[in-house]
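Encoded as structure tokens, the structure appears first; notes follow it.
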Amino acid sequence: MRIPGEEANLFYKLIWGLQFYVNQQHQILPNIKSANEYAELPMSEKLEVRDALWKNPNLIDVYVEKNPDSLSTQELDIVSKWKRFVAGGFQIFRYLKNYTIFINENSQVYGVLGLYDNLEDLFPGRPLPMMVAAVLLPFKGKIVYDGVLKGYNISFGGSIRSGLNEKYMAAKQNDRIITTLEPELRHRYKPGINRSPAKTGSQW
2 MRIPGEEANL FYKLIWGLQF YVNQQHQILP NIKSANEYAE LPMSEKLEVR DALWKNPNLI
62 DVYVEKNPDS LSTQELDIVS KWKRFVAGGF QIFRYLKNYT IFINENSQVY GVLGLYDNLE
122 DLFPGRPLPM MVAAVLLPFK GKIVYDGVLK GYNISFGGSI RSGLNEKYMA AKQNDRIITT
182 LEPELRHRYK PGINRSPAKT GSQW
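With the sequence shown counted from 1, adding 1 to any position gets you our numbering.
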């Protein structure tokens, strides 16, 4: 499952604009002079800027206050909520119709959507569960990732698989699958799912 294409376009417009601002502040890529130029870079060249953002999330507030890209109020609200990011190691446990199940080291279970691609298409042929490093972000009432998923070639034994299944089933049966990091929007979505925020702003 992924977000609609027009929403993915908006997401990348906002994330590249924010990262370009971070790049300007830290001069990581000093020869890049515009957000459009930054957006055209391969992902591998953006990683240092991306990491600087999540290590300095206070820059989000500065960016929103200065609004150098003349974003709309709605767009600024989306970016501002990215301070609720959840970063760390996750087990991609199961691909479902509505989202992909991510389980973190604190046994929190998240329903995450892809951007331009379904998440299962990013790792073709890879068996689940699969360990990844990721940054989860709120976006228009849903949970997405920041465009980067780092997978690890780690095999899991039966006991670990069983443990993950127990965590998933417990979350499912008790309506504790986290499908939004924006609890203030809970009335707009299907009731019965826990919308309270997980511990956010965490680093791996």
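Where is the CB? At the ideal position from N, CA and C, for every residue including glycine.
Because the structure is a prediction, the values reported are computed rather than measured.
- In this structure, residue 50 lies away from residue 64, with their beta-carbon atoms at least 9 Å apart.
- DSSP places residue 74 inside the alpha helix (DSSP H), whose first and last residues are 74-81.
- Per DSSP, the unbroken beta strand (DSSP E) holding residue 147 starts and ends at 143-152.
- Residue 167 and residue 99 have their C-alpha atoms spaced approximately 20 Å apart.
- Residue 5 and residue 60 have their C-alpha atoms roughly 28 Å apart.
- Going by beta carbons, residue 62 and residue 35 fall outside the 9 Å limit.
- Beta-bridge partners of residue 139 (DSSP): 144.
- Classified as buried, residue 115 has 16 or more neighbouring CB atoms from the shown chains inside 10 Å of its CB.
- Residue 19 is positioned such that its CB atom lies closer than 9 Å to that of residue 83.
- For residue 161, the uninterrupted alpha helix (DSSP H) segment begins and ends at 159-174.
- If you check the CB distance, residue 144 and residue 104 do not come in under 9 Å.
- Residue 134 is bridged by DSSP to 90, 151.
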